[in-house]
Amino acid sequence: MLGWFKKKFRKQEDTAAEKEAVIGELRTDTPFSEHEQPEKEAEAAEEQRPTPAEEAPPAESTEAVLPGDVLPEITEAERELTEPEQTEQIEQIEQVEEVPSADEKADIPIPAASDHLKIVNESEVQAAKEKNKKSLFARLTERLSKTRESFTYQIDALFLGKRVIDAELLDDLEEILITADLGVETTMDLIEYARRKVKRNELSDPDSLKKALKKKIKAFMTDNETDATLVMPDTGPFVIMVIGVNGVGKTTTIGKIAHKFQQTGNSVMLVAGDTFRAAAVAQLKVWGERNKVEVVAHKEGADPSSVVFDALGIALAKKIDVVLVDTAGRLHTNSNLMEELKKIRRVMAKKLPGAPHEVMLVIDATTGQNGISQAKLFHEAVGVTGITLTKLDGTSKGGIVANICKVMKIPIRFIGIGEQLDDLRDFEAEEFVDALFHSRASGEN
């Protein structure tokens, strides 16, 4: 702006000089009269006076710079005049920048929403798992209440107020264990174990004795857990042959096991090998519809072995993952019916080498020690590889679980604690013992 003003001012000076030269020439050539000279001087002065536009040019207006024009250099004085204005503007800008704008706030690093959701989701999933685990344990604890009343609570009542472990206390403990259906062999093993501990001064009071009993019973059950895993074959379907006496809940157990395999993404087929009981096929078909799985069945009274043979052929053709074979209930003392089971097993092996991969015996827990007799005879006939205990929620004889593990050395696969689908639980020894020894008074294990 100052350069423009300087250039304009320089042009004004040049014009004034030219006019003075002209006036000088006129003075020399033509003398003025007394009246003309003042008038001429007044006219010259009037011409030298800048116009209003020249006196106060608009700050915003600019003069076009023609090619060849050279802008005058800015002097140091002019630069000093401009610096305060620029400094003031910079200070104002800096003051404004001190307050973060909306755009600057957006630039502030914020954790990604996906990362936050991932952390939240993982924590929620873990919390849900822990909550579900606690609820399942609470349900198991509730369903084993009858067994605890005849076992754990009786032990607590016996030990109440006692400070030492004597022979009388051990005798009373032996009676409680037998009543809870732990069996004579398992009970005597536990009592002898306690006596040795007391003799070595390793047990000093009833509370320590209760903890020792819990540890020993848990050891009986966990010894079989290494063989409890169901191993699927590399090729062909995994065949489970389900056996047991009448009324133990075989068909219902098959339906619930089918549901479990489906939950893990396996295709399942049910085989109606019980062709004698009129309602057996219809009941199995109900479970098939409920689980939306195929059921292979022949007419009533057909040969069970032929039903199984045809079913395995269909399973191989359709590449079914799991085949569950229902069989007719029979008394373990009936030799003819036990021979029929042997025949079914031979037919399975002929059609599919290695089958059945699991021979599962279903035992009603309410039968108590009679279940041990069933297990022994079925095992001798067809070789039992796994046991499912049903109706544990309705019996006070839950001690049979420890007795089976101790005497039979056969892994327990599942336990039934109710009528719902999820009431057929995978058997976990530690969880079961913790629920069995759950204290009514303190709420602790």
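Quick note: the sequence shown uses my numbering, first residue 29, plus one each step. The C-beta atom is built at its ideal place from N, Cα and C for all residues, glycine as well. Since this is a predicted model, take the numbers as computed values, not measurements.
Status (buried if at least 16 other CB within 10 Å, exposed otherwise) for residue i
{"i": "Arg-485", "result": "Residue 485 is absent from the model: the chain starts at 29 and stops at 473."}
{"i": "Lys-379", "result": "buried"}
{"i": "Lys-227", "result": "exposed"}
{"i": "Met-376", "result": "buried"}
{"i": "Asp-450", "result": "exposed"}
{"i": "Arg-191", "result": "exposed"}
{"i": "Gly-316", "result": "buried"}
{"i": "Lys-347", "result": "exposed"}
{"i": "Lys-371", "result": "exposed"}
{"i": "Leu-298", "result": "buried"}
Sequence-distant residues of the same chain with beta carbon closer than 6 Å to residue i, five excluded per side
{"i": "Thr-413", "result": "Glu-386, Val-387"}
{"i": "Leu-340", "result": "Lys-379, Leu-380"}
{"i": "Gln-182", "result": "Ile-204"}
{"i": "Ala-92", "result": "The predicted position of Ala-92 is uncertain, since its pLDDT is 44 and thus under 50; a value taken from the coordinates is nonetheless stated next. Within the same chain, Ala-92 has no close Cβ partners at all."}
{"i": "Lys-313", "result": "Val-323"}
Own chain partners of residue i with C-beta closer than 8 Å, once the 5 adjacent residues on each side are dropped
{"i": "Lys-174", "result": "Asp-421, Gly-422, Thr-423, Ser-424, Gly-426"}
{"i": "Gln-402", "result": "Gly-272, Val-273, His-360, Leu-389, Ile-391, Thr-395"}
First and last residue of the uninterrupted alpha helix (DSSP H) at residue i
{"i": "Ile-204", "result": "195-207"}
{"i": "Leu-452", "result": "Leu-452 -> not in any alpha helix (DSSP H); beta strand (DSSP E) instead, spanning 452-454."}
{"i": "Phe-179", "result": "Per DSSP, Phe-179 belongs to no alpha helix (DSSP H) and is neither H nor E."}
{"i": "Asp-235", "result": "234-250"}
{"i": "His-287", "result": "278-291"}
Proximity below 8 Å, CB of residue i to CB of residue j
{"i": "Ile-271", "j": "Leu-389", "result": "yes"}
{"i": "Leu-365", "j": "Arg-358", "result": "yes"}
{"i": "Gly-444", "j": "Leu-417", "result": "yes"}
{"i": "Val-336", "j": "Pro-265", "result": "no"}
Beta-carbon contacts of residue i that lie in its chain and below 7 Å, excluding the five residues immediately before and after
{"i": "Ile-245", "result": "Ala-430, Val-461"}
{"i": "Ala-84", "result": "Its pLDDT being 47, under 50, Ala-84 is placed unreliably by the model, and nothing is read from it."}
{"i": "Asp-302", "result": "Ala-308, Asp-354, Thr-355, Ala-356"}
{"i": "Glu-177", "result": "Ser-424"}
Boundaries (first-last residue) of the beta strand (DSSP E) holding residue i
{"i": "Thr-418", "result": "414-418"}
{"i": "Ile-342", "result": "Ile-342 -> not in any beta strand (DSSP E); alpha helix (DSSP H) instead, spanning 332-346."}
Reduced DSSP category for residue i - H, G, I as helix; E, B as strand; rest coil
{"i": "Asp-462", "result": "helix"}
{"i": "Ala-300", "result": "strand"}
{"i": "Met-436", "result": "coil"}
{"i": "Met-269", "result": "strand"}
{"i": "Ala-457", "result": "helix"}
{"i": "Gly-444", "result": "strand"}
{"i": "Met-388", "result": "strand"}
{"i": "Gly-354", "result": "Just to set this straight, residue 354 is Asp in the shown sequence, not Gly. Three-state result, Asp-354: strand."}
{"i": "Glu-322", "result": "strand"}
{"i": "Glu-213", "result": "helix"}
{"i": "Gln-311", "result": "helix"}
{"i": "Leu-359", "result": "coil"}
{"i": "Ile-306", "result": "A quick correction: the sequence has Ala, not Ile, at residue 306. If DSSP states are grouped into helix, strand and coil, Ala-306 belongs with coil."}
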